[in-house]
Amino acid sequence: MKQLRHSLWLSLTMMVAVSQSADADTLPVNLIDKNTFLKQHNSSHNSLLLSAIPTNAAGKSVIPSLSQKGSSTAGVLSQNNTPTDNRNIVVPTVPTPATPGTAIPPAPDVRPPAEIPDYLNPSPNPLQFPTRPEEVRIQGTQPITFQQALELAQRNNRQLQVARLNLERSRAALREAQAALLPNVTLSTGLDRSVSAQSELQERAQPQFPEIEAGASTAFSGTAQLSYDVYTSGERSSRIRAAEEQIRLNELQLEQTAQQLRLDVANDYYNLQASDELVRINRSAVTNAQASLRDAQALEQAGVGTRFDVLQSEVQLANATQELTNALSQQQNSRRQLAARLSVAQSVSLAAAEPVQIAGLWNLPLEDSIVLAFRNRSELQQQLAQRNISEAQRRIALSQLGPRVSVSTNYNILDIFDDGLGVADGYSLGANVSLNLYDGGAARARARQEEANIAIAETNFADTRNQVRFEVEESYNSLQANLANIQTASVALEQAREALRLARLRFQAGVGTQTEVIDAENALTNAEGNRVTAILDYNRALARLQRAISSSQPR
Numbered sequence: 359m360k361q362l363r364h365s366l367w368l369s370l371t372m373m374v375a376v377s378q379s380a381d382a383d384t385l386p387v388n389l390i391d392k393n394t395f396l397k398q399h400n401s402s403h404n405s406l407l408l409s410a411i412p413t414n415a416a417g418k419s420v421i422p423s424l425s426q427k428g429s430s431t432a433g434v435l436s437q438n439n440t441p442t443d444n445r446n447i448v449v450p451t452v453p454t455p456a457t458p459g460t461a462i463p464p465a466p467d468v469r470p471p472a473e474i475p476d477y478l479n480p481s482p483n484p485l486q487f488p489t490r491p492e493e494v495r496i497q498g499t500q501p502i503t504f505q506q507a508l509e510l511a512q513r514n515n516r517q518l519q520v521a522r523l524n525l526e527r528s529r530a531a532l533r534e535a536q537a538a539l540l541p542n543v544t545l546s547t548g549l550d551r552s553v554s555a556q557s558e559l560q561e562r563a564q565p566q567f568p569e570i571e572a573g574a575s576t577a578f579s580g581t582a583q584l585s586y587d588v589y590t591s592g593e594r595s596s597r598i599r600a601a602e603e604q605i606r607l608n609e610l611q612l613e614q615t616a617q618q619l620r621l622d623v624a625n626d627y628y629n630l631q632a633s634d635e636l637v638r639i640n641r642s643a644v645t646n647a648q649a650s651l652r653d654a655q656a657l658e659q660a661g662v663g664t665r666f667d668v669l670q671s672e673v674q675l676a677n678a679t680q681e682l683t684n685a686l687s688q689q690q691n692s693r694r695q696l697a698a699r700l701s702v703a704q705s706v707s708l709a710a711a712e713p714v715q716i717a718g719l720w721n722l723p724l725e726d727s728i729v730l731a732f733r734n735r736s737e738l739q740q741q742l743a744q745r746n747i748s749e750a751q752r753r754i755a756l757s758q759l760g761p762r763v764s765v766s767t768n769y770n771i772l773d774i775f776d777d778g779l780g781v782a783d784g785y786s787l788g789a790n791v792s793l794n795l796y797d798g799g800a801a802r803a804r805a806r807q808e809e810a811n812i813a814i815a816e817t818n819f820a821d822t823r824n825q826v827r828f829e830v831e832e833s834y835n836s837l838q839a840n841l842a843n844i845q846t847a848s849v850a851l852e853q854a855r856e857a858l859r860l861a862r863l864r865f866q867a868g869v870g871t872q873t874e875v876i877d878a879e880n881a882l883t884n885a886e887g888n889r890v891t892a893i894l895d896y897n898r899a900l901a902r903l904q905r906a907i908s909s910s911q912p913r
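Structure (structure tokens):
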């Protein structure tokens, strides 16, 4: 009789809950535009979104905003996350990452985000080589925002530093080429003392004045020379032009490296956010599995459940715990990947300080985005700069066949000590004209090589242009698809939460099975993962689109 009363009470509870759920399914529909939807989505992740996309009178799709009466998302989560004691499964204890729309909770040895601290910067010595374990041991974790990650990358990234050094080297090469516009001036001096062997023999044979060294002389000489190439058949100006184009090429390479670095940092940061959310989702799955195991054990003890249901719940909890362990490992790897990209100090790890939310909008149509990419992409300008360098090298090769005119002058002095004649000086002026009549065709062969390089640069320009257009189209289409996926995943998430709630009520009332509860838990885990994946894939597509256009915002 006691078990019958308990069963009747659970059935009544089930009927009331189903009745409340039916009332909650009547949802008012308000039409909003895409921008309003995204603002609402980023400001509050606990509201229902989009069950359908109706069309207005103009035939354009609009986005409905849904509100639900009854329990909120936070309430559903609190019901699903009921703690339970489990004597068979050991669940790892980790800090729970922040849910979307909430701040990150404080955790041990994790500092709150603020201005970029100096201890994040690496050692100024690039040749530093740690030799002790304590030098590489992680002392703490610093949460950073996406903008702070970009600032650290601009400051510390090694590839960007190499690109800057290449630019400095090319500027020095330009100064070397411009030196040919000025004359060369050389100055040389010498002091010589010589003793003739023949004079020494004569002195030995006929000594006259022993105090005077026979045949010895000391002379001082000096020469100043100035030379200048008046005409080089275009070689000098071509070398300067090639050096200038090389600077432009390295500047474009620096820009390309900076843009690619921004994309890499964005991907690393979003991967870290994804790993944080994966940990949160798997922790929620573990909590749900614990609640299901508790219900199964309670029903078994009441005599209305079976040992098979308990075993199923224990297996589900074990699987969820394993997924959580793998998610924790992936989270650590994502943190170290971001730290390596930003080249922070050896003893510091990084964490994401921002919740998962839509990063922004792209309001330009596809055609305007393609044209903007053609105008901004440094890769296209690099091919033009490479073409100009090859053209300058071709002129340098052909200049070897032309005449060359140079002038020079020098002034020299000579003083032989103790000769009583004093200092003598002299000078010379000269002009030289040279012409290479025959070099076996080497100069023209080098010119033909550079002509081939010009054609290669032009072909690469066309290929890069096609690749740029494809990157823009791919990113743009992915952006639109993931925006729709966010809307669909948000609705599916609320439906999965409601389905799990009903499955548990049915199981508690004895009209459902443990398999239905397990399936609902798996569906909820997948729905949460799909929603996070859709948001992060949207952000990644936006980052790729910004990279494809070489602009953080459409202009």
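Straight run, no breaks: the sequence shown in the working numbering ends on number 913. For glycine and all other residues, C-beta sits at the position ideal for the given N, C-alpha and C.
Straight-line Cα distance separating residue j from residue i
| i | j | result |
| --- | --- | --- |
| Gly661 | Arg864 | 17 Å |
| Asp381 | Arg699 | Because the pLDDT of Asp381 is 40, which lies under 50, any placement of that residue in the model is unreliable, and the number read from its coordinates should be weighed accordingly. Rounded to whole angstroms, Asp381 to Arg699 spans 52 Å at the Cα level. |
| Ser727 | Ser595 | 39 Å |
| Gly847 | Thr883 | One detail in the question is off: residue 847 reads as Ala in this sequence, not Gly. Answer to the nearest angstrom: the Cα atoms are 12 Å apart. |
| Pro723 | Gln500 | 39 Å |
| Glu672 | Gln655 | 10 Å |
| Asn646 | Val875 | 10 Å |
| Glu600 | Leu696 | As written in the sequence, residue 600 is Ala, which differs from the Glu given in the question. Spanning the two alpha carbons is a distance of roughly 38 Å. |
| Asn818 | Ala743 | 12 Å |
| Lys427 | Glu852 | Confidence at Lys427 is low in this model, with a pLDDT of 31, below 50, so its placement is unreliable and the value that follows should be read with caution. About 13 Å. |
| Arg898 | Thr891 | 10 Å |
| Phe504 | Glu635 | 16 Å |
| Leu669 | Asn880 | 17 Å |
| Ala839 | Ala685 | 27 Å |
| Val763 | Ser736 | 40 Å |
| Leu779 | Tyr785 | 19 Å |
| Glu681 | Asn691 | 15 Å |
| Thr822 | Ser833 | 16 Å |
| Ile814 | Thr581 | 51 Å |
| Asn439 | Asp626 | The predicted position of Asn439 is uncertain, since its pLDDT is 34 and thus under 50; no value can be drawn from it. |
| Ser481 | Pro475 | 14 Å |
| Pro491 | Glu602 | 48 Å |
| Val926 | Ile502 | Given that the chain is displayed from residue 359 to residue 913, the structure contains no residue 926 and the question cannot be resolved. |
Contact set for residue i: own chain, Cβ-Cβ below 6 Å, skip 5 residues either direction
| i | result |
| --- | --- |
| Thr576 | Arg551 and Phe775 |
| Ser528 | Gln604, Ile605 and Asn608 |
| Ala934 | Outside the shown range of the chain (359 to 913) lies residue 934, about which nothing can therefore be said. |
| Ser436 | Note on Ser436: pLDDT 35, under 50, position unreliable in the model; the coordinate value appears next. Excluding residues within five positions, none has a Cβ falling inside 6 Å. |
| Ala574 | Val553 |
| Ser585 | Asn542 and Ser766 |
| Ala511 | Leu619, Val623 and Leu700 |
| Ala632 | Leu894 |
| Asn835 | none |
DSSP-derived helix/strand/coil call for residue i
| i | result |
| --- | --- |
| Arg597 | helix |
| Phe487 | coil |
| Arg606 | helix |
| Tyr796 | coil |
| Leu523 | helix |
| Ile411 | Annotation note: pLDDT 32 at Ile411 (below 50); position unreliable, no value reported. |
| Arg516 | helix |
| Val623 | helix |
| Ala538 | helix |
| Asp587 | strand |
| Ser727 | helix |
| Ser575 | strand |
| Thr581 | strand |
| Asp476 | helix |
| Val637 | helix |
| Asp309 | One cannot answer for residue 309 here, as it falls past the ends of the chain, which runs 359 to 913. |
| Thr664 | coil |
Extent of the continuous alpha helix (DSSP H) to which residue i belongs
| i | result |
| --- | --- |
| Gly887 | Gln872 to Ile907 |
| Tyr834 | Ala800 to Ala867 |
| Gln751 | Ser736 to Ser757 |
Residue i Cβ short of 7 Å to the ligand SAM heavy atom set
| i | result |
| --- | --- |
| Asp773 | For the structure depicted, the ligand SAM is absent and the ligand set is empty, with no information on it obtainable. |
Where the beta strand (DSSP E) containing residue i begins and where it ends
| i | result |
| --- | --- |
| Leu787 | Val781 to Ser792 |
| Arg551 | Asn542 to Val553 |
| Arg762 | Arg762 to Ile774 |
| Ile716 | Looking at the DSSP string, Ile716 is not in any beta strand (DSSP E), and its letter there is neither H nor E. |
| Pro501 | Gly498 to Ile502 |
Chain-order list of residues whose beta-carbon lies under 8 Å from that of residue i (same chain, five-residue window excluded)
| i | result |
| --- | --- |
| Ala850 | Ala885, Asn888 and Arg889 |
| Val941 | With the chain represented from 359 up to 913, any question about residue 941 goes unanswered, as that position is not in the structure. |
Proximal residues to residue i (C-beta, below 7 Å), its chain only, five neighbours per side dropped
| i | result |
| --- | --- |
| Ser748 | Glu808, Asn811, Ile812 and Ala815 |
In chain order, each beta strand (DSSP E) run of at least 3 residues that lies wholly inside the region 682 to 713 | 706 to 710
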